[in-house]
Amino acid sequence: MPNALTLSLRPLVPWEASIAKRSTPAPGAEAPLARDLSAAEDAVLLGWAAEGDRRAFDALAGRHLPLLYRVALRVTGQPAEAEEVAQEAMLRLWQNAARFDPGRARLGTWLYRITANLAIDRVRRARFQPLATVAEAPDPAPGPEATLDARQRHALLAAALEELPPRQRAALALAYDQGLSGAEAAAALSVSTRALEGLLRRARRFLAARLRGEEE
Numbered sequence: 006m007p008n009a010l011t012l013s014l015r016p017l018v019p020w021e022a023s024i025a026k027r028s029t030p031a032p033g034a035e036a037p038l039a040r041d042l043s044a045a046e047d048a049v050l051l052g053w054a055a056e057g058d059r060r061a062f063d064a065l066a067g068r069h070l071p072l073l074y075r076v077a078l079r080v081t082g083q084p085a086e087a088e089e090v091a092q093e094a095m096l097r098l099w100q101n102a103a104r105f106d107p108g109r110a111r112l113g114t115w116l117y118r119i120t121a122n123l124a125i126d127r128v129r130r131a132r133f134q135p136l137a138t139v140a141e142a143p144d145p146a147p148g149p150e151a152t153l154d155a156r157q158r159h160a161l162l163a164a165a166l167e168e169l170p171p172r173q174r175a176a177l178a179l180a181y182d183q184g185l186s187g188a189e190a191a192a193a194l195s196v197s198t199r200a201l202e203g204l205l206r207r208a209r210r211f212l213a214a215r216l217r218g219e220e221e
């Protein structure tokens with residue numbers, strides 16, 4: 006997986022022309038160098054970015070891009086596709102920075118929604134399927150037999166994940182990989198919490214059935 010530094014820098018290239026056009030702070034605005042970017046909340050950073058502060062947007066990208074990449078990778082299974090999806094989500098944030106209303110939605114939830122939708126659309130259009138590398142690798146076991154069994158289960162799980170519909174993959178990624186609450190994950194997928202529970206329940210049932218069937 007690309008490291009956080011790579012992800013935080015690479016996607017900013019397409020935005021440089023747009024940033025340059027509004028890089029001059031508004032009259033009376035706080036000087037960018039005096040801003041504490043690490044302590045600022047997302048909404049504050051986004052406001053500064055809307056004024057043209059490139060450093061503020063870099064800070065947002067550093068916070069969110071690795072998480073968006075993981076969600077996109079879970080859904081698409083393709084590292085290159087996942088990277089493009091995460092970059093596109095951040096590009097859309099830049100394009101909408103001045104219009105984003107933090108009173109209507111949390112920035113993280115909004116980004117997860119954009120990322121999930123973009124990833125689902127790509128899977129449906131191109132029929133990409135997750136690779137075995139999407140699932141977390143098992144921890145080393147003390148004995149060779151235990152190690153072999155863990156690797157087999159890992160391979161079975163990865164193969165079963167390939168068969169899940171993209172929306173179920175996204176639900177798993179948001180609820181389990183990212184640890185969002187039911188309400189947050191549902192909002193990111195633009196569904197009710199009850200619908201989210203249904204997606205997760207069907208995904209868990211399918212995966213369990215696949216694992217039981219292969220082991221019998």
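For the sequence shown, the positions run 6 to 221 when the working numbering is used.
Even for Gly, the Cβ is constructed at its ideal location relative to N, Cα and C.
Since we're looking at a predicted model, the values are computed, not measured.
Under the three-state reduction of DSSP output, Q183 falls in the coil class, being neither helix nor strand.
Shown here, G82 sits in coil according to DSSP, grouped into three states, outside any helix or strand. Judged by DSSP secondary structure, A103 falls outside any alpha helix (DSSP H); it is assigned neither H nor E. Where G52 is concerned, the enclosing alpha helix (DSSP H) starts and stops at 47-55.
Closest in alpha carbon position to E93, among P171, A124, L166, R130, is A124. Rounded to whole angstroms, the Cβ separation of R127 and V90 is 7 Å, and the two are in contact under 8 Å. Ranked by how close their Cα comes to the Cα of L65, the residues D182, V49, L78, A188 have V49 in first place. With contacts defined as CB atoms closer than 8 Å, T114 and A193 qualify as a contacting pair. Sixteen is the threshold: since fewer than 16 other Cβ atoms of the shown chains lie within 10 Å of the Cβ of Q157, the residue is exposed. The Cβ neighbour count for R79, taken over all protein chains shown within 10 Å, is at least 16; the residue is labelled buried. No Cβ-Cβ contact shorter than 8 Å links E86 with Y74.
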